[in-house]
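Below you'll find the structure, written out as structure tokens, and then a few comments.
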Amino acid sequence: MLVLQIKPVLAALKRHKAGTLLIGLQIALTLAIVCNALFIIQQRLTHLSRTTGIVESDLLTVGSEWTSASGAAVEPLVHADLQTLRELPGVQDVGVSYGYPLRGGGWNSGVTIKPDAKQPVAVTWRFFADDHVLTVLGAKLIAGRNFRADEIRAMDSHNLAAPAQLIITKALAEKVYPNQSALGKPLYIGGATAPSTIIGIMDHLQGGSASSWSDAISDYVVLEPKLLTDKSNAYLIRTRPGQLGAVANVARDTLFKANRLRIIPNGEGEGGGVRSFAQVREQAYKNDRGMAIIMSAICAVLLIITAAGIVGLTSFWVSQRRRQIGVRRALGATRHDILGYFLTENFLISLAGVLTGIVLALGLSLWLVAHFETRRLPLPFLLIGVALLLLLGQAATLAPALRASRVSPVEATRAA
Amino acid sequence: MFSYYLELALRSLKRSPGLTLLMVLAIGFGVSASMTTYSVFRAVSGDPIPWKSSQLFVPQIDMWGPDGRSADGEPPNALDYVDAVALMRDHRAKLQSASYRIAPPVQVPGSRRHPISVSGHAVYSEFFPMLDVPFQYGSGWAVDADTNQAAVVVISGKLNQEMFDGKNSVGKTLDIHGKDYQVVGVLAKWDPQPRFYDVVDTGGFDTNSDDVFIPFTRAIAVNLSNAGNTSCNSNPAEPGFVGMQRSTCTWIEYMAELDSAAAVQKYRDYLNGYALAQKNAGRFNWSPNNRLRDVPAFLDSQHVVPSDTKVSLMVALGLLIVCLVNTVGLLLAKFLRRSSEIGVRRALGAPQAAIYAQFLTEAGIVGLAGGVVGLVFTGVGVFSVGLVLPKDIAALAHVNFSLLLLTLVIAVVSAVLAGLYPTFRASRVQPAWQLKSN
Numbered sequence: 001m002l003v004l005q006i007k008p009v010l011a012a013l014k015r016h017k018a019g020t021l022l023i024g025l026q027i028a029l030t031l032a033i034v035c036n037a038l039f040i041i042q043q044r045l046t047h048l049s050r051t052t053g054i055v056e057s058d059l060l061t062v063g064s065e066w067t068s069a070s071g072a073a074v075e076p077l078v079h080a081d082l083q084t085l086r087e088l089p090g091v092q093d094v095g096v097s098y099g100y101p102l103r104g105g106g107w108n109s110g111v112t113i114k115p116d117a118k119q120p121v122a123v124t125w126r127f128f129a130d131d132h133v134l135t136v137l138g139a140k141l142i143a144g145r146n147f148r149a150d151e152i153r154a155m156d157s158h159n160l161a162a163p164a165q166l167i168i169t170k171a172l173a174e175k176v177y178p179n180q181s182a183l184g185k186p187l188y189i190g191g192a193t194a195p196s197t198i199i200g201i202m203d204h205l206q207g208g209s210a211s212s213w214s215d216a217i218s219d220y221v222v223l224e225p226k227l228l229t230d231k232s233n234a235y236l237i238r239t240r241p242g243q244l245g246a247v248a249n250v251a252r253d254t255l256f257k258a259n260r261l262r263i264i265p266n267g268e269g270e271g272g273g274v275r276s277f278a279q280v281r282e283q284a285y286k287n288d289r290g291m292a293i294i295m296s297a298i299c300a301v302l303l304i305i306t307a308a309g310i311v312g313l314t315s316f317w318v319s320q321r322r323r324q325i326g327v328r329r330a331l332g333a334t335r336h337d338i339l340g341y342f343l344t345e346n347f348l349i350s351l352a353g354v355l356t357g358i359v360l361a362l363g364l365s366l367w368l369v370a371h372f373e374t375r376r377l378p379l380p381f382l383l384i385g386v387a388l389l390l391l392l393g394q395a396a397t398l399a400p401a402l403r404a405s406r407v408s409p410v411e412a413t414r415a416a
Numbered sequence: 417m418f419s420y421y422l423e424l425a426l427r428s429l430k431r432s433p434g435l436t437l438l439m440v441l442a443i444g445f446g447v448s449a450s451m452t453t454y455s456v457f458r459a460v461s462g463d464p465i466p467w468k469s470s471q472l473f474v475p476q477i478d479m480w481g482p483d484g485r486s487a488d489g490e491p492p493n494a495l496d497y498v499d500a501v502a503l504m505r506d507h508r509a510k511l512q513s514a515s516y517r518i519a520p521p522v523q524v525p526g527s528r529r530h531p532i533s534v535s536g537h538a539v540y541s542e543f544f545p546m547l548d549v550p551f552q553y554g555s556g557w558a559v560d561a562d563t564n565q566a567a568v569v570v571i572s573g574k575l576n577q578e579m580f581d582g583k584n585s586v587g588k589t590l591d592i593h594g595k596d597y598q599v600v601g602v603l604a605k606w607d608p609q610p611r612f613y614d615v616v617d618t619g620g621f622d623t624n625s626d627d628v629f630i631p632f633t634r635a636i637a638v639n640l641s642n643a644g645n646t647s648c649n650s651n652p653a654e655p656g657f658v659g660m661q662r663s664t665c666t667w668i669e670y671m672a673e674l675d676s677a678a679a680v681q682k683y684r685d686y687l688n689g690y691a692l693a694q695k696n697a698g699r700f701n702w703s704p705n706n707r708l709r710d711v712p713a714f715l716d717s718q719h720v721v722p723s724d725t726k727v728s729l730m731v732a733l734g735l736l737i738v739c740l741v742n743t744v745g746l747l748l749a750k751f752l753r754r755s756s757e758i759g760v761r762r763a764l765g766a767p768q769a770a771i772y773a774q775f776l777t778e779a780g781i782v783g784l785a786g787g788v789v790g791l792v793f794t795g796v797g798v799f800s801v802g803l804v805l806p807k808d809i810a811a812l813a814h815v816n817f818s819l820l821l822l823t824l825v826i827a828v829v830s831a832v833l834a835g836l837y838p839t840f841r842a843s844r845v846q847p848a849w850q851l852k853s854n
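Protein sequence lines, in the order shown, are assigned to chains A and B. If you're matching positions, the first sequence starts at 1 in my numbering and goes up one per residue. If you're matching positions, the second sequence starts at 417 in my numbering and goes up one per residue.
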């Protein structure tokens, strides 16, 4: 039936060149934009669904800085804070660290496996952590051991000595010592001349930033047994289940009560004060989520407009051809035939539209690749887009086509 | 005559409310999506100091050599301490200032309040006149404050409000980082975005205000370390902040005012001479690889406008084009449906020009209605973008009169453009044929 109808449909379309062209063009443009936008959305969703390697619920971060204390004076103050926080009801354990996953910035250094190597094997995130951090975060150790309390050294960030011990992520271990166990092997961090020994390997821990610049190094994390005395450290607090809100409410006041010569900022991101890990995650991925939402909104509007356009123009064609439809019905065409006619007509226009659209979509993708460091549009997105628009075209034609099929044969006898 | 066309158009639009609504909404959506993304783009791509940006230059010196260059051969975007101080000492530009970010605790002397952490910059005296920084009270400090490492401070109006209840605080003292500083100036509102004098630390945009400015030399003397980014190609050989000052780590921004093309060329030659001298002294063992860009070019080279913003704008413009194609189709349907009416008018003596006037009026009204709808959607859109985008960017996007006017103008112009072809077709309707078939 379909085959039989193509010829008359084409003949009729020749009399509506402009309208046909406009719908086809609209479908082509919509396809080009929608499949590239879908690809952007998918990339952002993949980006923000990466795992951190930690237990994110019931985790609180509190950034605090000392206003006047510096150097060696800081260590006892931090220990007093840790003690104060551990005594809070609802708190399970507390660690202190400069750097944690998705913090929004931090410290990066290259690592080598030989002291005199010129180029680093990998650039890493350095988290300066105490012996509680690993367990507080809930990161999984797959080999070796955690730091001991007596291994943590307090030092100034301008005067960093190479640590004796390091805990690194599995991804980094496999990068620096491929095909062998990295445990017990040396690593030179940040141009240090003395080696550090890898004493533990974590299954996974995400770096300090979710920004795309750090994607390549996001799985390379090094824990160093240090307390930085001149940086804004964060207390990482593991609360008992359901106690997060309660602890978050009192954390600031409790710390100020213990010692008021400090600053706990109010801001978001890197310099944030009291933040639950859910907030840390939300702030880290705000950009990605925002882009995904904007692209989705544009796609939705685009598809609605295109569908509405098809409904509008098809309705016009139906009303224009009522008499012809009547004649066909009088000559024996069934309602089904009329319906099929309009659906076929739309299918042919849509097909031409999507074929043009494929070319436009690839062109747009190439342009985006050339200007914005994105990847080429993968084939599945093109196919999804094509299917989506062909279906949309048929669905949008259905209502006017049904109306056409209900045109009575009597129409044939009426004057135009 | 126009009022007659207006009446005809309104009557015609009323006759098919569904189609009319569809066109109005399509234009409204298309225009508002473009305007919403444009408001963000406009906010981040603006010139922060338009009257002077072409005279302000950022020098870059290649102190790392071939190993430290980016893939496209660019030297670091900031200076190390040695070079920054050398450039300041040579003082070859009309005005110049090295600067770095500081974040000291601040307290009003004698008060029992919690000290607060503020963000600020250590700068030279020429920073203020060079960037036309506006003052509410007092002024910047004199050149001798630079040489004397004087304990003076310029504070923001915001900090003045918090610390001194907004009163003229010039001459009062403020406890910064445990030392007393004399206030010499209070800024009027000054929040340039992009933050052109500190792209290195902000990436271009900053929700925090710069609340304190103290002499660069003073900050170095009291070991107020850098609170911004530090990039090192190799580890400092010596420990501490002093080791940082002797290293090739980059953490200092630099800006110079050069008023003429000749001055720019002279400064370029000077930078080359400086890099060559460093090579001859054995500090660099590579040829000079400097850059000297004015503010717009520097912002561009640092990719200050996020690519997301550009992509969103492009996609939204695509949406506008689709909406226009859609409107062309619908207007075509609408106009040709009235072929018999056109036939009658033509037969009664209306010239083609009259048909043009009539139908373009109708398209214009659709555009105007679409524009009004677009205004509402743009308002909603800019508000929603504020919710979904990161603060530093979202805070900059706002609705103002020029954006609203642009929305209306684009809506009407695009609707009339979309109406051109349908009107052309309508004007070619043959009266004889229409009359006969009726």
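Think of the CB as a built atom: it goes at the ideal place given N, C-alpha and C, for glycine as much as any other residue. Predicted, not measured: the structure shown is a model, and the values here were computed from it.
Between which two residues does the alpha helix (DSSP H) containing residue i stretch?
i	result
E778 of chain B	Q768 to V804
E578 of chain B	G573 to F580
F347 of chain A	R335 to F372
F621 of chain B	Careful: F621 of chain B lies outside any alpha helix (DSSP H) and carries neither H nor E.
A500 of chain B	Y497 to D506
W523 of chain B	This sequence places Gln at residue 523 of chain B; Trp is not what is there. It is not in any alpha helix (DSSP H) - Q523 of chain B instead sits in the beta strand (DSSP E) that spans P521 to Q523.
V658 of chain B	G656 to R662
Name the one or two DSSP bridge partners that residue i has.
i	result
F551 of chain B	B:L603
V410 of chain A	DSSP, once it has assigned bridges, lists no residue as partnering V410 of chain A.
L752 of chain B	DSSP output for L752 of chain B lists no bridge partner at all.
G110 of chain A	A:V123
V568 of chain B	B:Q598
According to DSSP, simplified to helix, strand and coil, what is residue i?
i	result
G536 of chain B	strand
L590 of chain B	strand
L424 of chain B	helix
Q92 of chain A	strand
D596 of chain B	strand
M451 of chain B	helix
E151 of chain A	helix
L59 of chain A	strand
Y670 of chain B	strand
T633 of chain B	helix
W702 of chain B	coil
N249 of chain A	helix
L511 of chain B	strand
N816 of chain B	coil
P464 of chain B	coil
Q681 of chain B	helix
Need the endpoints of the beta strand (DSSP E) that residue i sits in, please.
i	result
A713 of chain B	It is not in any beta strand (DSSP E) - A713 of chain B instead sits in the alpha helix (DSSP H) that spans V711 to S717.
I144 of chain A	First, the residue type needs correcting, since residue 144 of chain A is Gly and not Ile in the sequence shown. Where G144 of chain A is concerned, the enclosing beta strand (DSSP E) stretches over L141 to G144.
S196 of chain A	S196 to M202
A161 of chain A	Unbroken run through A161 of chain A: none, as it is neither H nor E.
Shorter than 8 angstroms from the beta carbon of residue i to some beta carbon of chain A?
i	result
L590 of chain B	no
N493 of chain B	no
I465 of chain B	no
N816 of chain B	no
G790 of chain B	no
Within the 8 angstroms Cβ cut-off, does residue i reach chain B?
i	result
R289 of chain A	yes
A37 of chain A	yes
K286 of chain A	yes
V222 of chain A	no
H158 of chain A	yes
A18 of chain A	yes
Would the segment 592-610 of chain B and the segment 548-555 of chain B be scored as touching if the rule is three or more Cβ pairs under 8 angstroms?
Yes: at least three Cβ pairs fall under 8 angstroms.
With three or more C-beta pairs closer than 8 angstroms as the rule, is the segment 806-824 of chain B touching the segment 455-464 of chain B?
With contact defined as three or more Cβ pairs closer than 8 angstroms, the segment 455-464 of chain B and the segment 806-824 of chain B are in contact.
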